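J.: Numbering (UniProt numbering), first residue to last: 1 to 254.
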Ligand SMILES: [Zn+2]
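(1) Please classify residue 102: does DSSP put it in a helix, a strand, or coil?
(2) If I measure Cβ to Cβ from residue 25 and keep anything under 8 angstroms in the same chain, skipping five residues before and after, which residues do I get?
(3) From residue 110 to residue 247, what distance separates their C-alpha atoms?
(4) Under 6 angstroms from any heavy atom of ligand 1, by CB: list those residues in chain order, please.
(5) How should residue 67 be labelled, buried or exposed, when 16 other C-beta atoms within 10 angstroms of its C-beta is the threshold for buried?
(6) Do residue 73 and residue 124 have their C-beta atoms closer together than 7 angstroms?
(7) Given this structure, state the Cα-to-Cα distance separating residue 181 from residue 240, to the nearest angstrom.
(8) Please state if the CB of residue 243 and the CB of residue 130 are separated by a distance shorter than 7 angstroms.
(9) Given residue 55, which residues of its chain have a CB within under 6 angstroms of its CB, disregarding the five upstream and five downstream residues?
(10) Based on Cα-Cα distance, which residue from 228, 176, 199 and 194 lies nearest to residue 205?
(11) Just the C-alpha distance for residue 217 and residue 133, rounded to the nearest angstrom, thanks.
(12) Can you tell me which residues form a DSSP beta bridge with residue 9?
(13) Alpha carbon to alpha carbon, how far is residue 10 from residue 207?
(14) According to DSSP, is residue 51 part of a helix, a strand, or is it coil?
(15) Taking 8 angstroms as the limit between beta carbons, can you name the residues of its chain near residue 233, skipping five residues before and five after?
(16) Look at the alpha carbon of residue 201 and the alpha carbon of residue 31, and state the distance between them as a whole number of angstroms.
(17) Could you tell me the distance, in whole angstroms, from the CA atom of residue 159 to the CA atom of residue 144?
(18) Looking only at its own chain, which residues have a Cβ that is under 7 angstroms from the Cβ of residue 167, when we skip the five neighbours before and after it?
(19) Residue 27 to residue 105, Cα distance in whole Å?
(20) Rounded to whole angstroms, how far is the Cβ of residue 58 from the Cβ of residue 14, which I believe are closer than 8 angstroms?
(21) Leaving out five residues before and five after residue 215 in sequence, what residues of the same chain have Cβ atoms less than 8 angstroms from its Cβ?
(22) Give a yes or no on whether the C-beta atoms belonging to residue 284 and residue 16 are separated by under 7 angstroms.
(23) Report yes if the C-beta distance between residue 150 and residue 76 is below 7 angstroms; otherwise report no.
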């Protein structure tokens, strides 16, 4: 009689999957977030007291990005973001009253003042910068204790266009000016709720000057002499392949 739902069950940033990376099937509870995908798919926080069912394990969602298709990862990240949003909006931010879940929309509603709190996405620009025909700017994040070199990225500020954000972030982080800013693609990134907007741009002028709190090193690298770069599955990886090998920015799952 009871219909089972496919469940994204999270414990912090870890997701419950079996040894084949398949999701569990569970009976839907009143507190579950429905993903509105047209079929029975829900998101749920694993209760602290709940035991992990036999045959299942918790896996960091970051690891799933390289194991799942983009569409699978995006649905999992959507589930995680909706749970986080609900957890962080238990009270009305206007008057402080305890909120209620809206019956049909993704909204937390105040019963007193009717203020609606919707999930929010943070736009974030990420830019691949080239110089001449065979050089790419790569930067090492000062907060990461790795040898990996990535791209310039940062949040869009209030009142700013995406192109202005690209120029500002580039000048702040590495002190150079860029031109011919062109949109490439986008990727939702659930840490915590970003939309990565990918651009390419060309170097115009300026010497590299590091913003030391953010960037520990940045250099123009020859295309055939790259350092360690971000992992396949990340938008940064696709952007680097796009400028070096003229690969399309679209989904590249086999
Ligand atoms: Zn209120």
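Think of the CB as a built atom: it goes at the ideal place given N, C-alpha and C, for glycine as much as any other residue.
Note that the coordinates shown come from a computational prediction; the quantities given were computed from them, not determined experimentally.
T.: By the coordinates alone:
(1) Within the chain shown, the letter at position 102 stands for residue 102. The answer is coil: DSSP assigns residue 102 none of H, G, I, E or B.
(2) Taking the chain shown and counting its residues from 1, one reaches residue 25 at position 25. The answer, listed in chain order, is 4, 5, 6 and 7.
(3) Counting from 1 along the chain shown, the entry for residue 110 is found at position 110. Counting from 1 along the chain shown, the entry for residue 247 is found at position 247. When rounded, the distance between both Cα atoms is 48 angstroms.
(4) 92, 94, 95, 97, 110, 112, 113 and 115
(5) Locating residue 67 in the chain shown gives position 67, counting from the first residue. Exposed, by the Cβ-count rule.
(6) Here residue 73 is taken as the residue at index 73 of the chain shown, counted from 1. Here residue 124 is taken as the residue at index 124 of the chain shown, counted from 1. Taking 7 angstroms as the Cβ cut-off, residue 73 and residue 124 do not qualify as a contacting pair.
(7) As a working mapping, residue 181 is identified with position 181 in the chain shown. As a working mapping, residue 240 is identified with position 240 in the chain shown. Whole-angstrom Cα-Cα distance: 15 angstroms.
(8) For the purposes of this step, residue 130 is taken as residue 130 along the chain shown, with counting starting at 1. For the purposes of this step, residue 243 is taken as residue 243 along the chain shown, with counting starting at 1. It is a contact, given that the beta carbons lie within the stated cut-off.
(9) As a first step, residue 55 must be located in the chain shown, where it is residue number 55. 18, listed in sequence order.
(10) Counted from its first residue, the chain shown places residue 205 at position 205. Residue 205 has its Cα closest to that of 176, out of 228, 176, 199 and 194.
(11) Position 217 of the chain shown, counting from 1, holds the residue named residue 217. Position 133 of the chain shown, counting from 1, holds the residue named residue 133. Those two C-alpha atoms are separated by around 22 angstroms.
(12) Working through the chain shown from its first residue, we reach residue 9 at position 9. DSSP output for residue 9 lists 44 as bridge partner(s).
(13) If you number the chain shown from 1, residue 10 lands on position 10. If you number the chain shown from 1, residue 207 lands on position 207. Spanning the two alpha carbons is a distance of roughly 45 angstroms.
(14) For the purposes of this step, residue 51 is identified with residue 51 of the chain shown, where counting begins at 1. Correct three-state label for residue 51: coil.
(15) Here residue 233 is taken as the residue at index 233 of the chain shown, counted from 1. Counting only Cβ-Cβ distances below 8 angstroms, and skipping sequence neighbours, we find 65, 66, 70 and 73.
(16) What you label residue 201 is simply residue 201 of the chain shown in a count that begins at 1. What you label residue 31 is simply residue 31 of the chain shown in a count that begins at 1. Distance between the alpha carbons of residue 201 and residue 31: 46 angstroms.
(17) Residue numbering aside, residue 159 sits at position 159 when the chain shown is read from its first letter. Residue numbering aside, residue 144 sits at position 144 when the chain shown is read from its first letter. Answer to the nearest angstrom: the Cα atoms are 30 angstroms apart.
(18) Within the chain shown, numbered from 1, the residue matching residue 167 stands at position 167. So the list reads 178, once near-sequence residues are dropped.
(19) Along the chain shown, one-based indexing puts residue 27 at 27. Along the chain shown, one-based indexing puts residue 105 at 105. The alpha-carbon atoms of residue 27 and residue 105 are separated by roughly 22 angstroms.
(20) For this step, residue 58 is matched to residue 58 along the chain shown. For this step, residue 14 is matched to residue 14 along the chain shown. Residue 58 to residue 14, Cβ: 4 angstroms. Contact.
(21) Here residue 215 corresponds to residue number 215 of the chain shown, with the count starting at 1. Excluding residues within five positions, the ones whose Cβ falls inside 8 angstroms are 139, 140, 141, 142, 173 and 174.
(22) A query on residue 284 cannot be resolved here, the shown segment of the chain reaching from 1 to 254 and no further.
(23) Translated into the one-based positions of the chain shown, residue 150 becomes position 150. Translated into the one-based positions of the chain shown, residue 76 becomes position 76. Cβ atoms of residue 150 and residue 76: not closer than 7 angstroms.
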